[in-house]
Amino acid sequence: AGTHELPLALRFREAVLQRRHEAVRATRLATLRARTGDRAGAIALLRAELQHDPLALPARHELVDLLLAGGEPQQAAELLDAWLQIAPDDTGSLLRAATCQRLLATDDPAARARQLELLRSALQVEPNRRDTERYAEFVAAQGSSGTTEEAVSYTHLT
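Quick note, the sequence shown lines up with residues 2 to 159 if you use the numbering used here.
Here is the structure:
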């Protein structure tokens, strides 16, 4: 090996850092495309980035946000569920997934149960999230009572 050749570990580190920079650039470019009206181009770029690097969380979250803004909570939920298979203790993604399920709950009663499951999972990871805990209680009460008014009165009593 020549004296100018980098050790393998250092080359690997540089490759990882280069890849991270590429993922950040792709996410920023997608954000710019979305802001200038090229939503389809932004979504395509983010999907391509996730194909190349499934661990690119900023790209995944940006894609989820675009899908939610476009009224596609089912696709957003699927993206987050795939990530939660990799990182089941990612509280931010658990809460985003719960939001997707809340949007789906109007048409799908099973989504309400999934939303509550996700909220409870987030609380297991971070038990001191009082707002999330109160919201989970509200969702549970709404699910058992069936009405928002009864759920609100229940959560105010507890």
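Where is the CB? At the ideal position from N, CA and C, for every residue including glycine.
Check	Outcome
Contact the region 85-93 vs the region 64-74: 3+ CB pairs below 8 Å	no
First through last residue of the alpha helix (DSSP H) which encompasses Leu56	From DSSP, Leu56 is part of no alpha helix (DSSP H); its letter is neither H nor E.
Enclosing alpha helix (DSSP H) for Gly93 [first to last residue]	Thr92 to Leu105
Residue environment, Gln143, which counts as buried when at least 16 other CB atoms sit within 10 Å	buried
Pro110 (DSSP reduced to helix, strand or coil)	helix
Given His62 as reference, the closest of Arg29, Ala137 and Leu105 once Cα atoms are compared	Arg29
Sequence-distant residues of the same chain with beta carbon closer than 7 Å to Glu134, five excluded per side	Leu124
Nearest candidate by alpha-carbon position, reference Ala24, set Ala45, Leu58 and Ala35	Leu58
Integer Cβ distance of Leu160 from Ala99, believed to fall under 8 Å	As shown, the chain starts at 2 and ends at 159. That puts residue 160 outside it, with no answer to give.
Assigned exposure category for Pro74 - 16 Cβ within 10 Å defines buried	buried
Own chain partners of Ala106 with C-beta closer than 7 Å, once the 5 adjacent residues on each side are dropped	Ala112, Arg113 and Gln116
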